[in-house]
Structures are given as C-alpha cells and as structure tokens.
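Here the structure comes first, spelled out in structure tokens, and everything after it is commentary.
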Amino acid sequence: MGKTIAIANQKGGVGKTTTAINLGAALAAADMKVLVVDMDAQANCTSGLGTSKDCVQKSIYHSLVLDEPLKGIILDTDLENLKLIPADKNLTGAVVELIEVPEREFILKRLLCHVAGQFDFVIVDTPPSLNVLTLNALVAADSVLIPIQCEYFALEGVTDLLETLNRVRSNYNPDLSILGVVLTMFDERTNLANQVRADLKNFFSGKMLNTVIPRNVRLAEAPSFGKPIIIYDIRSKGAESYVNLAREILNHEKESVG
Ligand SMILES: Nc1ncnc2c1ncn2[C@@H]1O[C@H](COP(=O)(O)OP(=O)(O)O)[C@@H](O)[C@H]1O
Ligand SMILES: [Mg+2]
C-alpha cells in the first residue's frame, strides 16, 4: 500500500501545485510508482502534467460525486511511472453537491483503497481553502507536506491549518502526521527571506525540511509546456531542488520504516 501525502496550505500561490507536480515527477524518476491526484477545480496540476483542462473527459469529480471508480479515470503522463487523476471545473460544484452526503470526508480515502496498492506514493494537490475537498485529502493521507512561501505574511493562516490538522486527527484520521514544511520561492539574497526562514525554523522546529526550493523562473515556465521541471529543464536549480526534496522524503520514509 503506497504512502499518501497531501500537499496543503490554504493560502493560494505558495507552491502547492508546483510541488505536487515536481515532487511527483522526481519520485517517479527515482523509480517510484506515483499517482498525483488533482483536487483543485482550477486543475493547474492537471494542465501542468500535460492534460489540457478542456480535454478532461472524466475527472476526480466523477469519482467523488458520481461514484465512478478511479481506475477508469487515471491518465498517463510523459513519465512512465507517473499517473494522474485529473480535476476539472465541475469540482467547484462538488463542495455544495457533497453537503448532504453522509461521511463525505471519507470519499477519497475509500476510492483510493482500490488503487493505492499499485503505487508507492499517492500525492494529493489541494485547493487554497479548508473545504471538504481539502478535508478529503487530509483524511486519506498518511502525512501532510506544507509548502510555505518565504514572504512577510508567511505564517498567516498557518495556525488555521494546524488547527484543521488537529481537528482531522481527533475526528477522522488519528494517524495523520506532518511530513514537513518546505520553503518555496526562496531568494537567499534577501534579508527578508532569511529572516522569515529563521522565524519558521523557530515555529516548526524539527518539522522544517532541509531542502529549500529557490525562486526559479524555469519552474514558473514549465507548466505552460505541460511538463514537470525534470523534463522541461533538468539542469535548472528548480529541477535540482525538487530532486533533492524527493531524496529527502525517500530517506524520511526509509527511516520511519526501518
Ligand atoms: N520556486 C518557484 N519559482 C518561481 N515560480 C514559482 C515557484 N513555485 C511556484 N511558482 C509559481 O508561482 C505561482 C503559484 O504557484 P502554485 O504552485 O500554483 O501555488 P498554489 O498551488 O499554492 O496556488 C505559479 O505561477 C507558479 O508557476
Ligand atoms: Mg494550486
């Protein structure tokens, strides 16, 4: 049974989707079988992995709301080991459509049970809110990876996220752990970034990952070509940093098993 990692931070634009795509690709390049699940109606993860939003015939919406098995929804990507469950704009309505459904927080977990055995890692990208879709991701996950952008208001909303994690643990998923916090769009030349990094280290202590993702224009360009960074420009700093992140997470997993 694969490890399921939810990528969450209800702030928008902090690098969740970039991390889902590129961590997924870097793990796949390390010979892991990886499934990326796009739970955001904006479907940026879907298009960033090469499937145009308008070409999606069936998405995670069809499984969550219409009970279609995930098996028929999984798509290939440019990397053999990397598969995708796409999103589409129907997901916007899912939040309302699921309101009356009993145990609606557990739908993704139940769906994934049938396919997770084929993968070493399932990575779930979440929307920028703490809605029922994000809850489904956190309930299905073994651990959560929190990308934080190194800027002045970096910690804003983090206490809400931590409260949500506690609520998920007490009500739905007692085993949910924090895999770590990864700093994104880091610019080591600025005092602000270094100051924010020091503050975050204090706040999260042992949960800060060593790998830091730098601000790198190639990372911002890659999605418009529908390619993960390791295919778009393997020599970029961005590619190097996501390869390092995958390595750190693989070591982490080895330690927690052995
Ligand atoms: N390390 C980075 N360097 C440069 N641009 C980045 C980096 N990470 C993300 N971006 C860009 O910042 C924007 C927001 O990132 P995204 O991953 O979509 O955040 P989220 O999913 O949290 O909303 C996107 O345009 C993305 O291409
Ligand atoms: Mg996103």
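Heads up: the sequence shown at position 191 corresponds to 191 in this note's numbering, and the numbers run straight through without jumps. Cβ atoms here follow ideal geometry from the backbone N, Cα and C, with glycine treated the same way.
Item checked: Residue range of the alpha helix (DSSP H) that includes valine 96 -> Its alpha helix (DSSP H) spans residues 91-97.
Checklist line | Rounded separation between leucine 66 and leucine 35 - CA only | finding: Spanning the two alpha carbons is a distance of roughly 21 Å.
Next item on the list: In the DSSP assignment, find the unbroken beta strand (DSSP E) run with threonine 17 in it and report its ends.
Entry: Under the DSSP assignment, threonine 17 falls outside any beta strand (DSSP E), being part of the alpha helix (DSSP H) whose first and last residues are 16-29.
Check: Does the Cβ of leucine 130 lie closer than 8 Å to at least one heavy atom of ligand 1?
Finding: Short note on leucine 130: C-beta not closer than 8 Å to any heavy atom of ligand 1.
Next item on the list: Look at the alpha carbon of glycine 50 and the alpha carbon of asparagine 202, and state the distance between them as a whole number of angstroms.
Entry: Rounded to the nearest angstrom, the two C-alpha atoms are 39 Å apart.
Note to self: For the structure I just gave you, are there three or more beta carbon pairs, one from the region 115-122 and one from the region 143-153, closer than 8 Å?
What the structure shows: Using a C-beta cut-off of 8 Å, the region 115-122 makes no contact with the region 143-153, since fewer than three inter-stretch Cβ pairs fall below that distance.
Notebook entry, point to check: Any chance the CB of aspartate 160 is under 8 Å from a heavy atom of ligand 1?
Noted result: It does not: the Cβ of aspartate 160 is nowhere closer than 8 Å to a heavy atom of ligand 1.
Next item on the list: Count the other CB atoms, across all protein chains shown, that sit within 10 Å of the CB of glutamate 163; report buried if there are 16 or more and exposed otherwise.
Entry: Glutamate 163 comes out exposed.
Note to self: Tell me which residues pass a beta-carbon proximity test against ligand 1: closer than 5 Å to any heavy atom, given in chain order.
What the structure shows: Listed along the chain, these residues meet the criterion: Gly12, Gly13, Val14, Gly15, Lys16, Thr17, Thr18, Met185, Ile213, Arg215, Asn216, Leu219 and Ala220.
Next item on the list: Taking only the alpha-carbon atoms, compute the straight-line gap between threonine 19 and tyrosine 242 and give it to the nearest angstrom.
Entry: Tyrosine 242 has its alpha-carbon roughly 8 Å from the corresponding atom of threonine 19.
Check: Alpha carbon to alpha carbon, what distance is there between isoleucine 230 and valine 196?
Finding: If you draw a straight line from the Cα of valine 196 to the Cα of isoleucine 230, it comes to about 28 Å.
Notebook entry, point to check: Which parts of the region 138-217 are runs of the alpha helix (DSSP H), unbroken and 4 residues or longer, counting only runs that do not cross its ends?
Noted result: Correct list: 158-171 and 191-204.
Notebook entry, point to check: Going by the C-beta, is asparagine 44 closer than 8 Å to any heavy atom of ligand 2?
Noted result: Yes, the beta carbon of asparagine 44 sits closer than 8 Å to at least one heavy atom of ligand 2.
Next item on the list: Going by DSSP, name the residue or residues bridged to isoleucine 107.
Entry: None, per the DSSP bridge assignment.
Notebook entry, point to check: Which word fits cysteine 113, buried or exposed, when buried means at least 16 other C-beta atoms lie within 10 angstroms of its C-beta?
Noted result: Around the beta carbon of cysteine 113, fewer than 16 other beta carbons lie within 10 angstroms, which makes this residue exposed.
Notebook entry, point to check: Does at least one heavy atom of ligand 2 sit under 8 Å from the Cβ of aspartate 175?
Noted result: For ligand 2, not one heavy atom lies less than 8 Å from the Cβ of aspartate 175.
Item checked: CA-to-CA distance, valine 96 to aspartate 160, given in whole angstroms -> CA-CA distance, aspartate 160 to valine 96, rounds to 22 Å.
Note to self: What residue range does the beta strand (DSSP E) around lysine 237 cover?
What the structure shows: From DSSP, lysine 237 is part of no beta strand (DSSP E) but of the alpha helix (DSSP H) over 237-257.
Item checked: Closest Cα partner of glycine 41 within the set Ile60, Pro102 and Ile213 -> It is alanine, not glycine, that sits at residue 41 in the sequence shown. Distance check between alanine 41 and each of Ile60, Pro102 and Ile213 places Ile60 closest, using alpha-carbon atoms only.
Notebook entry, point to check: Between which two residues does the alpha helix (DSSP H) carrying threonine 46 extend?
Noted result: Unbroken alpha helix (DSSP H) run through threonine 46: 44-48.
Item checked: Nonlocal neighbours in the same chain, by C-beta distance under 6 Å from lysine 11, ignoring five residues either side -> So the qualifying residues of the chain are Gly157.
Item checked: Three CB pairs or more closer than 8 Å across the region 74-83 and the region 131-143 -> Contact fails: fewer than three Cβ-Cβ distances are below 8 Å.
Next item on the list: Assign aspartate 277 to one of three DSSP states: helix, strand, or coil.
Entry: The question about residue 277 has no answer here: the residues shown for the chain are numbered 1 through 258.
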